[in-house]
Structure formats: structure tokens, C-alpha cells
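In what follows, a structure is listed as C-alpha cells, so that the remarks can point back to it.
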Amino acid sequence: AGVKGILSTMRELLMIPRLKSSKKKRAAPFVAQSSTWLRAPSSGILRASKTLGAKVDKGETLGIVSDPFGASEALVKSPNPGIIIGRTNIPLVNEGEALFHVARFKNSESIKETVEVFQDEMDPATDTSPADETPIV
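For the sequence shown, the residue numbers in our numbering are 5 to 141.
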């Protein structure tokens with residue numbers, strides 16, 4: 005990814021010739037009506053059941069915070085429908101810490117599809133673009 009970025013910058017500055025490939029059409033940006041951070045109801049271990057870019061409905065469970073022994077569990081539920089645009093990656097949480105960032109949109113279904121396409125394009129495992137240069141070994 006770093007080499008591609010450098011080569012793209014050099015092409016933009018006309019330091020090297022541009023590639024003769026078709027440019028991808030950029031998707032129109034989406035603007036959220038509002039967003040909400042969902043916070044940990046108690047301290048413990050978070051078991052998240054939703055990932056970034058996932059579409060959620062109102063009242064849907066996004067994860068469970070439990071104490072280390074599993075004696076008590078607290079559900080983390082979405083207060084409104086939307087798309088998860090942020091999420092903690094650390095499983096150990098303290099009460100009040102931000103866990104999930106949920107954005108609300110007018111049409112969250114079309115945004116979900118756009119986010120999935122973007123994630124597929126950025127996934128190095130599914131990258132089908134031709135290599136500009138051989139990798140440095």
C-alpha cells in the first residue's frame with residue numbers, strides 16, 4: 005500500500021507518466037444526520053457481535069459486556085437504526101468507555117452496500133489490481 009501511495013503521488017505531480025487504465029468512479033459521499041457513541045454499561049470483557057460497516061436496527065444487540073467470571077452480563081443495544089462507523093478493538097472495557105459509534109442516515113441500506121464495496125476494494129487479500137512494480141524482498 006505504501007509503494008502504491010508514493011507512485012500515485014508521483015503520477016499526480018507528473019514526476020512519472022500516468023497509467024493508461026480507466027479510473028474508478030468515486031461514490032458520492034454520504035452525510036450522517038447524527039451519530040451516537042454507545043458506552044459500556046459496566047466494566048468487564050466486551051464480546052462484540054457486530055463489525056465496522058454493519059447495518060444495525062433499533063434495539064439490536066451489538067455486544068455483551070460480562071465480568072471476568074461470567075456471573076453478570078450487560079447487553080449493548082443500538083438506540084437507533086444506522087451503520088457502525090467506529091468500534092473499540094480492546095476487549096477489556098471500563099464502565100462508561102465508548103464501544104460503538106453508530107451513525108444515522110436517511111437510507112442506511114444503500115450506505116451499507118457502499119461500505120461493503122469499499123471494504124472489498126481496500127482488502128489486500130482481494131486486490132485484483134495489477135502490481136505497478138515487483139515487491140521489494
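Note that CB positions come from ideal geometry on N, CA and C, so glycine has one too.
Quick check on DSSP: helix, strand or coil for residue i?
i, result
"Ser76", "coil"
"Thr118", "helix"
"Arg108", "strand"
"Arg91", "strand"
Under a Cβ-count criterion, where at least 16 other Cβ atoms within 10 Å of its own Cβ denotes burial, should residue i be classed as buried or exposed?
i, result
"Gly100", "exposed"
"Ser76", "exposed"
"Arg91", "buried"
"Leu66", "buried"
"Val97", "buried"
"Ile87", "buried"
"Ser53", "exposed"
"Asn35", "According to the sequence provided, residue 35 is Val. The question's Asn does not apply to it. Its Cβ having fewer than 16 others within 10 Å, Val35 is exposed."
Can you check DSSP and say which residues form a bridge with residue i?
i, result
"Val97", "Gly48"
"Ile10", "Its beta-bridge partners do not exist; DSSP assigns none."
"Leu42", "Phe104"
"Val35", "Partner(s): none; Val35 has no beta bridge."
"Lys153", "Coverage of the chain is limited to positions 5 through 141, which leaves residue 153 absent and any answer about it impossible."
"Ile20", "For Ile20, which the question treats as bridged, DSSP gives no partner whatsoever."
Under 8 Å, Cβ to Cβ, is there at least one residue of chain D near residue i?
i, result
"Ala107", "The displayed structure is made up of one protein chain only, and chain D is not part of it."
Look at residue i and residue j and say whether their C-beta atoms are less than 8 Å apart.
i, j, result
"Gly48", "Ser12", "no"
"Thr118", "Asn84", "no"
"Phe109", "Gln37", "yes"
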